[in-house]
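Protein chains: 2
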Amino acid sequence: MASDHTRSAILAAAERLYADRGFGDVTLRDIVAEANVNLAAVNYHFGSKDELIAELFVTRSIATNRERLRQLKAAEEQGGGRAPIEVILHALVGPPLRGCLGPENQRSTAARFMIRASIESVPPIRRIKNREIDHLRKFVGAMRRSLPDRSHVDIYWGLNFALAMAHHTIRESERLTKLSEGQCDLDDVEDVVARVVSVATMALTAGKVEAKAPSRLAAR
Amino acid sequence: MASDHTRSAILAAAERLYADRGFGDVTLRDIVAEANVNLAAVNYHFGSKDELIAELFVTRSIATNRERLRQLKAAEEQGGGRAPIEVILHALVGPPLRGCLGPENQRSTAARFMIRASIESVPPIRRIKNREIDHLRKFVGAMRRSLPDRSHVDIYWGLNFALAMAHHTIRESERLTKLSEGQCDLDDVEDVVARVVSVATMALTAGKVEAKAPSRLAAR
DNA sequence: GATAGTTTCATACAAGTGTTTTAATTGCAA
DNA sequence: TTGCAATTAAAACACTTGTATGAAACTATC
C-alpha cells in the first residue's frame, strides 16, 4: 500500500517532460527533479526507465482502444451485428484524432505526450504498438461484416489507409499547417475526422481497384 | 583531394549498420569497426556524428526528390502545362515507394536505410525533413493547375493524405503484412503505388467533401 | 629529397547515462 | 514500544557516448 504519492508524482512529471521536450533529451534526473523525488525512486517503483515509459504509453493507449471498441460495439449492436462502414471507420480514427488534435493551447498533457510518442517512436513504445494487432483484427472483422462483398485484401488496405491518414495527420500536423499557411484548420477536429472517414470510405467502397492489372501509369 | 577512400568507407558502413540495427544502437565505434577505419576519422571527415547521418539522409532524399520533379516536369510538359491529377500523384508517391518497398531480400542498403529513417526519426533527419516544404509546394502548384476548381484547402488535404498513405505504408509495411497474414503483397510495388494513387485521386476529385457541415456521425 | 599539407592513429577526455548499493527513515501491526 | 516491512535517500558504480588532442605516417609539390 503506502503512499503511492511518489509513484504518481513520477508519472505526472515524466509525462509532462516527455510531452514538452521529447524522449530524446529528458533524463531520469530531469524527471526526478521535476517530481521532487529521489533518483532511485524510479527504479524502485517501475523497475527501469523503459518500463516507466511503457506504463505511460500503455495507460493512454488502452484508453483510446477502449473508446474505439466501445463505439464499435455500440454501432454493431444498433445495426444488428452489422454497422455502416463510415461508422466503423469513425470509431477507428475518431478517438486517436480527438485525443491528439484540437486547439494547441488547450491540449492536455496526455495529448501532447501521445503526439510525441507517435513522432519519436522509442523502443519500449514500439514494442507495445506491435501488440496492437489483435485489437485491429476486431475492426477487420467488423469491416468484413459491413462489406461482405469486398475482398479481404481490399479491407486490409482500407484499414491501412485509414490509419495512415489519421496517424500521419497527427504526426505531421505542424507541417500541414505550415504548408497550407494556416488554411487547413487542424483545430476543428471533427472536420478532420470527417475528412479521413470520407476518404477511407471511398477507398473501401469505390468500384473495385483495377486489381493487379499493371497500371498504364506505371513508373517511367 | 587524397584518397577519399576512408570517407566513403564510413558512409557505406554507417548506412549498412543503421539500416540493419537502427539509429538507436549503432555507435561511432561500431561504424568505424565495420569500416576498418580509426575512430577519429568520423569527426575529421564529417565534423560530427549528426552531420554524418545528415549527409546519408540528404543524399538519398535528394535522389528521390529529383526523380519526383523529373516525373512531374515531364508530365506537365506533355500536357501543355497541366497534368492529370493521377500522374501528378504518381510522381509524388511513386519514387519513395519504389525506393523503399519491393522484395525484402533484394532491397538495397539505401532502401533499408530510408525505411529506418522514416521509422525512427532522429533529430538531424527531422531537421532536414522540415526543409522539404518548398519541394512540396511545387506539387501543390501542379495540383492547382490540374484541378483549378478545387479549393486550396482540399488540395492541401489531398496532398497530405497521399503522403500519409505512402509513408505509413512504408513505415508499417511489416505490420500490414502480419495483420493480413501475407495477403497484402507489399513486394508488388506498382500495385501499392496504384492503390495509393487511386485513393488519393478519389480524395481529390470526389464530390466536394461535405464541407464543415458537422457530420451527423460526430462522436458525441 | 626536403617540405608543407593532408590524413591517420592511439589515446585521453569529459560528461552523462541508467542502475545498484547500502543505510536511514518511515509507517503500521502486534 | 517493539519489530518488521516498505519506502526514501545519498552516493557511487559501471559504462558508454561523442569529441578533442597531438604525434605519426603519408602524399604530392617543388
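Respectively, the protein sequence lines represent chains L and B.
So the first sequence is numbered by this note's numbering: it starts at 5 and just counts up by one.
So the second sequence is numbered by this note's numbering: it starts at 5 and just counts up by one.
A virtual CB, placed ideally from N, CA and C, is assigned to each residue, including glycine.
Exposure label - residue i; buried when at least 16 CB within 10 Å
{"i": "D195(L)", "result": "buried"}
{"i": "P152(B)", "result": "exposed"}
{"i": "E225(L)", "result": "The shown model of chain L, from 5 to 224, leaves out residue 225(L), and the question about it has no answer."}
{"i": "L208(B)", "result": "buried"}
{"i": "R199(B)", "result": "buried"}
{"i": "T173(L)", "result": "buried"}
{"i": "P99(B)", "result": "buried"}
{"i": "H9(B)", "result": "exposed"}
{"i": "D158(B)", "result": "buried"}
{"i": "G103(B)", "result": "buried"}
{"i": "E19(L)", "result": "buried"}
{"i": "T31(L)", "result": "exposed"}
{"i": "R120(L)", "result": "buried"}
{"i": "R74(L)", "result": "exposed"}
{"i": "R72(L)", "result": "buried"}
{"i": "R33(B)", "result": "exposed"}
{"i": "R224(L)", "result": "The predicted model places R224(L) with a pLDDT of 36, which falls under 50 and marks its position as unreliable; any figure quoted below should be read in that light. R224(L) is exposed by the Cβ-count criterion."}
Rounded straight-line distance, which links the Cα of residue j to that of residue i
{"i": "S177(L)", "j": "N40(B)", "result": "43 angstroms"}
{"i": "L76(B)", "j": "R86(B)", "result": "10 angstroms"}
{"i": "L105(B)", "j": "A67(B)", "result": "16 angstroms"}
{"i": "E59(L)", "j": "G28(L)", "result": "18 angstroms"}
{"i": "V201(B)", "j": "S122(B)", "result": "20 angstroms"}
{"i": "E187(L)", "j": "T181(L)", "result": "The question names Glu, but residue 187(L) is Gln in the sequence shown. If I take the Cα positions, the gap works out to 7 angstroms."}
{"i": "I89(B)", "j": "H139(L)", "result": "36 angstroms"}
{"i": "K133(B)", "j": "Y160(B)", "result": "18 angstroms"}
{"i": "I35(B)", "j": "S12(B)", "result": "12 angstroms"}
{"i": "I14(B)", "j": "V126(L)", "result": "26 angstroms"}
{"i": "A210(L)", "j": "L190(B)", "result": "21 angstroms"}
{"i": "P128(L)", "j": "H156(B)", "result": "40 angstroms"}
{"i": "S65(B)", "j": "A78(L)", "result": "45 angstroms"}
{"i": "H94(B)", "j": "A170(L)", "result": "21 angstroms"}
{"i": "K142(B)", "j": "R179(B)", "result": "32 angstroms"}
{"i": "M118(B)", "j": "F50(B)", "result": "20 angstroms"}
{"i": "R149(L)", "j": "N69(B)", "result": "41 angstroms"}
{"i": "I57(L)", "j": "L96(L)", "result": "24 angstroms"}
{"i": "R25(L)", "j": "E81(B)", "result": "46 angstroms"}
{"i": "D192(B)", "j": "N109(L)", "result": "44 angstroms"}
{"i": "M147(L)", "j": "A44(L)", "result": "48 angstroms"}
{"i": "V197(L)", "j": "P107(L)", "result": "15 angstroms"}
{"i": "S184(B)", "j": "L21(L)", "result": "37 angstroms"}
{"i": "R154(L)", "j": "T205(L)", "result": "12 angstroms"}
{"i": "I92(B)", "j": "A16(L)", "result": "47 angstroms"}
{"i": "N164(L)", "j": "A37(B)", "result": "40 angstroms"}
{"i": "G83(B)", "j": "L101(B)", "result": "24 angstroms"}
{"i": "G145(L)", "j": "A168(B)", "result": "24 angstroms"}
{"i": "G162(L)", "j": "E55(B)", "result": "39 angstroms"}
{"i": "A111(B)", "j": "Y48(L)", "result": "Checking the displayed sequence, the identity of residue 111(B) turns out to be Arg instead of Ala. Near 44 angstroms, if we compare the C-alpha coordinates of Y48(L) and R111(B)."}
{"i": "V46(L)", "j": "V203(B)", "result": "47 angstroms"}
{"i": "E124(L)", "j": "R130(L)", "result": "10 angstroms"}
{"i": "S52(L)", "j": "T63(B)", "result": "38 angstroms"}
{"i": "A114(B)", "j": "N42(L)", "result": "45 angstroms"}
{"i": "F61(B)", "j": "R175(L)", "result": "20 angstroms"}
{"i": "R116(L)", "j": "A23(B)", "result": "29 angstroms"}
Next item on the list: Could you run through the stretch 109-132 of chain L and flag, in chain order, every residue whose CB is less than 7 angstroms away from some CB of chain B?
Entry: I123, E124, S125, P127
Next item on the list: Could you pull out every unbroken alpha helix (DSSP H) segment of at least 4 residues lying fully inside the stretch 74-118 of chain L, listed in chain order?
Entry: 89-104
Notebook entry, point to check: Which of the residues in the stretch 7-32 of chain L, read from start to end, lie with their CB under 8 angstroms from any CB of chain B?
Noted result: G28
Checklist line | Under 7 angstroms (Cβ pairs) to chain B, residues found in the stretch 33-51 of chain L | finding: none
Checklist line | Every unbroken alpha helix (DSSP H) within the stretch 132-186 of chain L, with a cutoff of 4 residues, ordered by chain | finding: Whole alpha helix (DSSP H) segments, 4+ residues: 137-150, 156-175, 177-183.
Next item on the list: Taking a Cβ distance cut-off of 9 angstroms, strictly less, list which residues of the stretch 163-174 of chain B are near chain L, in chain order.
Entry: L163, N164, F165, L167, A168, M169, A170, H171, H172, T173
Next item on the list: Scan the stretch 12-74 of chain L and note each continuous alpha helix (DSSP H) run of 4 residues or more that stays entirely inside, going in chain order.
Entry: 32-39, 44-50
Notebook entry, point to check: In the stretch 53-68 of chain B, which residues sit with their C-beta less than 7 angstroms from some C-beta in chain L, listed in chain order?
Noted result: The stretch 53-68 of chain B vs chain L, Cβ under 7 angstroms: nothing.
Next item on the list: Scan the stretch 135-147 of chain B for residues whose Cβ lies nearer than 9 angstroms to a Cβ of chain L and list them as they occur along the chain.
Entry: E136, I137, L140, R141, V144
Check: Which residues, taken in chain order from the stretch 79-101 of chain L, show a beta carbon closer than 7 angstroms to some beta carbon of chain B?
Finding: Here the close residues are E90, V91, H94, G98.
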